[in-house]
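According to full-length UniProt numbering, the first sequence holds residues 1 to 940 in order.
Heads up: the structure comes next, in structure tokens.
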Amino acid sequence: MRYDFNKIEKKWQDYWAKNETFKAENNSDKPKFYVLDMFPYPSGAGLHVGHPLGYIASDIYARYKRHQGFNVLHPQGYDSFGLPAEQYAIQTGQHPAITTAENIKTYRRQLDQIGFSFDWSREVRTSDPSYYKWTQWIFIQLFNSWYNKDSDKAEAITELEKIFASEGNLNVNAVCDDAIEPFTAEDWIRFDSKKQQELLLQYRLTYLAETEVNWCPALGTVLANDEIVNGVSERGGHPVIRKKMTQWSMRISAYAERLLQGLDTIDWTDSLKESQRNWIGKSVGAAVTFNIVGHNEVIDVFTTRPDTIFGVSFMTLAPEHELVAQITTPEQKAEVDAYVLATAKRSERDRMADVKTISGAFTGAYAEHPFTKEPIPVWIGDYVLAGYGTGAVMSVPCGDQRDYDFAKHFNIPIPNIFEGIDISEEAFADKEKTVIANSDFLNGMNYKKATKRAIYELEQMGQGEGKTNYRLRDAVFSRQRYWGEPFPVYYIDGMPQMIATEHLPIELPEVEKYLPTETGEPPLGNATKWAWCTETNTVVNNDKIDGKAIFPLELNTMPGWAGSSQYFNRYMDPQNDKEIFSKEAINYWQQVDLYIGGSEHATGHLLYSRFWQKFMFDLGLVPHDEYAKKLINQGMILGTSAFIYREEGTQTYLSLGLIEGKKVQPIHVKVKYVIASDELDIEGLKADAEFGEDYADAKFVLENGVYKVGRDVEKMSKSKYNVVNPDDIVSDYGADSLRLYEMFLGPLEQYKPWNTAGITGVHSFLKKLWKLYADDNGLKVNDAEPTKDNLKTLHKTIKKVQEDIENFSFNTSVSTFMIAANELTAQKCTSKAILEPLLVLISPYAPHIAEELWSQLGNNGSIATVPFPEFDASHLVESSKNYPISFNGKMRFTLELPLDMSKEDIEKTVLANEKTQEQLAGRTPKKVIVVPGKIVNIVG
RNA sequence: GCUCAAGUGGCGGAAUUGGUAGACGCGCUGGAUUCAAAAUCCAGUUUCUUCGGAAGUGUGGGUUCGAUUCCCACCUUGAGUACCA
């Protein structure tokens, strides 16, 4: 019997599919466990060996939990809306749905051959109308809700309308647009419908607003901040400019505090929580109002240091601030205008890149200090951002380095309000050591006391209040793309109307071209059948639009994160056509117990999905306001690139050891032409279909008979020729080898390089394992009584593997299996009582070989739900211990002593030993430390 | 700049409440088997060494009988973020 992995793996993959081995039931007496992977975007390139890393880890955990008696939900699906399929459609005219379906097919084939225990009956695709129906449904729920700060949750907009009708908006404490006009109940009733709708829109959790967006002309779309890297688009690297557009926004800012607090209740990695905290950016301080001398307007600022208010020596407004034009004096107008113009010309990118140059202009206007009533000059400067806080700051040069630099540059006075601090060189920003001086009623106070008192005094005067500010901005939810969820929205007289949920889904229309229209409208503007008939409740041709019963539909589509923000709940009941998921399903599965995925989603998907979950919780749809109890970030698998070295200007390639002192160009070569020990397969390279010709005349200079390549660890990417395809690994070594090797590489969370050469280690382990069970003469397992050593090996393996899985330390269990196989081989173990439970231990890691041997041993059915072996400590009890004997903490030799020997006897025996005397060389030990069962340390 | 993570052989890495540093694997060296190669098996493989030993976990200090592990300062690398008032 040979270990024919290709045959075995196919056999069991077919078996699992046919028997629906991993189908999870929504009602079960078993305890539930939900293991989730971040679902993939099915790209055209297919999987490389880095992608399945997290899937293998979660699969091991899911399989382990089944052995532990849990009903495990382990689903998989596709985040299948996205830009690449659309880009491809623009280039080729092929419908993105076709490209996407093909790519999914490839993904599915690749995933299947790795042997994952997914319940494929629950697959979802975000681009499938039966799925995005519910994305549209949630959007409507958000539209129909507002955030009540008093109850601190989302509530129905119909309730808000009732409040407006009975008492106006004066007492409404809501998260809403800034500067909403106050109105009474009488006003509300008098307003026409359009006015009422406009007002309500300012309160809804998703709303239309004129927003400055990151417009990417090349892609014809708006990008989120996290889709822009270094000022260019993440995908494609195209330039991005600022542009004003009417866009849907999500009022995520309403949830800022709850998103922050919720982090303390979930077991996610600290670095991820830290990213989210930074992103939310809570700062506690005060809002302060400064009157402007000779004007009715006021300047509102936000400050985290109200304790330093007596140190204010100027104000700074963002150049874009709306007051700038009004308050600038005629004498200063020319200078201010020039500065505003110069700033507007500089792109966001330039402003960011150039943080050292100090620039600004004096407006000629003066604000009035709320306490001293002294005039304070008002400046503008581009270090103040229009988009953060109020776009204005009270500048305290002695306490803030940027204000300090600005003051120095423009010769503005720098009053010192800190006791015993020298500020002649730099500002003093240490809150802890602050003692306030020269500040009237704040003198002698520390930061905390002074802050409290300053806020109190400001409130008394009506010129300020304590305030908490968040950096988190509302999220723009419109995209000018084709391949995304259409909005369930039509417009009457410019006002958005929701389509009733019973008419969902509103399916994507067909278009001739996937580009924006000539008039600059999104791709859906190309559709000829994209109007809503309110009589038939269907999508009809645009030419029927009459403004009476038939209206235009929304032309934008939803962003990439829409479909991924609730998919984890949809998996619980994916085929439900009546509800997003049934009460029974959500009450049974509750929430995700373990979520594994990449840390690159820290402030995108992982924040937005928490926001939607909290909203769903407020609506009473889900039982938890956090959807994932525990989250682990898998690290990235990096490629090990290979280089050959061409002597400049020649066709001569030098082996790595010969390049010293020579002028050479390193050139990437495909890693598949590198065999073990970094040796280049020259014949293979020359025969390469793509690049072989380039090397027809090449001369390779060898060292010791071989050509050695240079190696470097880089991200896996096509352009670096270091991508390794799992298909090749599976066909050469098998899925079990791939699974084991990915885990064996190192800790799950860590970044680590892939090197195919190393896979022979785990592969020969599997062959060795096989040989424990069978040889050329067939099965050799028998009913022999296990020896003490056999039992010891088995039980220490059970203990270690169980601990490792529970700690997500999968790399160390692979080592443990190797040790077990090595020991049992040495012990010539053939006992079924040992070898049968060993298969259960290994089966989460290498399920195919485990299933095959399990059935060879005469068992019926799958090994998948066989109980995990029980650890019995009695097999590990020892009677003696090989004590390390150390001198001043350094181990010098070991000594076998009985474990029941007393401390005194150990000391005597050790001191009497001749090796001890040798070590001491005549010295008398000062002290002897004996830790029974652990160590002996002799000091002296 | 700030925040977080990580620095251990030629390489990936192990050492779970402080107690034998380098498990396991790759690679390398030697040997067996083979006409030869692959595969397989056996032995060795941190460094230095006067072969008795000695040093050693990024650097420098500290706590301790004993530190890869705890504390302080610093250096390096990676990730995220940034004129955030």
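Each residue gets a CB set at the ideal place from its N, CA and C atoms; glycine is no exception.
Bear in mind that the values here come from a model prediction, so they are computed numbers and not experimental data.
Alpha-carbon spacing of residue i relative to residue j, whole angstroms
| i | j | result |
| --- | --- | --- |
| valine 781 | arginine 2 | 15 angstroms |
| histidine 795 | alanine 821 | 13 angstroms |
| methionine 498 | proline 486 | 12 angstroms |
| asparagine 438 | threonine 135 | 59 angstroms |
| isoleucine 241 | cysteine 216 | 6 angstroms |
| lysine 583 | aspartate 573 | 10 angstroms |
| aspartate 804 | aspartate 59 | 15 angstroms |
| valine 301 | leucine 472 | 18 angstroms |
| residue 941 | lysine 800 | The requested residue 941 is not part of the displayed model; the chain covers only 1 to 940. |
| lysine 771 | phenylalanine 22 | 29 angstroms |
| serine 253 | glutamate 554 | 24 angstroms |
| alanine 585 | isoleucine 138 | 18 angstroms |
| isoleucine 299 | aspartate 712 | 56 angstroms |
| asparagine 725 | tyrosine 733 | 13 angstroms |
| serine 151 | aspartate 264 | 21 angstroms |
| glutamate 426 | glutamate 322 | 32 angstroms |
| alanine 154 | glutamine 591 | 21 angstroms |
| isoleucine 935 | leucine 594 | 40 angstroms |
| residue 947 | glycine 889 | Since the first residue shown for the chain is 1 and the last is 940, residue 947 is missing from the structure and cannot be characterised. |
| leucine 839 | histidine 67 | 12 angstroms |
| isoleucine 414 | proline 239 | 41 angstroms |
| glutamate 459 | cysteine 533 | 54 angstroms |
| alanine 873 | phenylalanine 808 | 22 angstroms |
| threonine 308 | glycine 464 | 14 angstroms |
| residue 966 | lysine 282 | Nothing can be reported for residue 966, as the shown portion of the chain is limited to 1 through 940. |
Paired residues, beta bridge with residue i - DSSP
| i | result |
| --- | --- |
| histidine 605 | None, per the DSSP bridge assignment. |
| lysine 548 | None; lysine 548 has no bridge partner. |
| asparagine 469 | Ser283 |
| tyrosine 645 | Leu654, Pro666 |
| leucine 442 | The partner list for leucine 442 (beta bridge, DSSP) is empty, contrary to what the question assumes. |
| glutamate 703 | Val706 |
| proline 753 | Leu638 |
| proline 898 | Ser880 |
| cysteine 533 | Thr538, Ile550 |
Limits of the unbroken alpha helix (DSSP H) element including residue i
| i | result |
| --- | --- |
| tyrosine 61 | 52 to 67 |
| phenylalanine 568 | 567 to 570 |
| glutamine 590 | It is not in any alpha helix (DSSP H) - glutamine 590 carries neither H nor E in the DSSP assignment. |
| asparagine 822 | 810 to 826 |
| threonine 372 | Run containing threonine 372: none; DSSP gives neither H nor E here. |
| isoleucine 729 | 726 to 733 |
| glutamate 212 | Counting along the chain, glutamate 212 falls outside any alpha helix (DSSP H), though it belongs to the beta strand (DSSP E) covering 206 to 216. |
Proximity of residue i and residue j at Cβ, strictly below 8 angstroms
| i | j | result |
| --- | --- | --- |
| glutamate 785 | serine 831 | yes |
| alanine 318 | glycine 391 | yes |
| leucine 920 | threonine 909 | no |
| alanine 602 | serine 275 | yes |
| threonine 206 | arginine 251 | yes |
| arginine 63 | proline 837 | no |
| asparagine 103 | proline 31 | no |
| valine 701 | glutamate 679 | no |
| histidine 763 | glycine 115 | no |
| glutamine 110 | valine 476 | no |
| phenylalanine 33 | glutamine 76 | no |
| lysine 162 | aspartate 493 | no |
| residue 941 | threonine 158 | As shown, the chain starts at 1 and ends at 940. That puts residue 941 outside it, with no answer to give. |
| threonine 865 | glutamate 823 | no |
| isoleucine 380 | histidine 369 | no |
| alanine 735 | glutamate 9 | yes |
Residue i beta carbon near the ligand PLP (any heavy atom closer than 7 angstroms)
| i | result |
| --- | --- |
| lysine 715 | This structure does not include the ligand PLP; it has no bound ligands of any sort. |
- Check whether the stretch 617 to 637 touches the stretch 682 to 694, taking contact to mean three or more Cβ pairs, one atom from each stretch, closer than 8 angstroms. No, the stretch 617 to 637 does not touch the stretch 682 to 694.
Below 8 angstroms, how does it come out for the stretch 477 to 493 and the stretch 514 to 531: are there three or more Cβ pairs, yes or no? yes
TODO: May I ask you to verify whether the stretch 116 to 134 touches the stretch 504 to 511, counting CB pairs closer than 8 angstroms and requiring at least 3?
DONE: yes
_With three or more beta-carbon pairs closer than 8 angstroms as the criterion, would you say the stretch 320 to 340 touches the stretch 401 to 410?_
With a cut-off of 8 angstroms on Cβ pairs, the stretch 320 to 340 is not in contact with the stretch 401 to 410, counting fewer than three such pairs.
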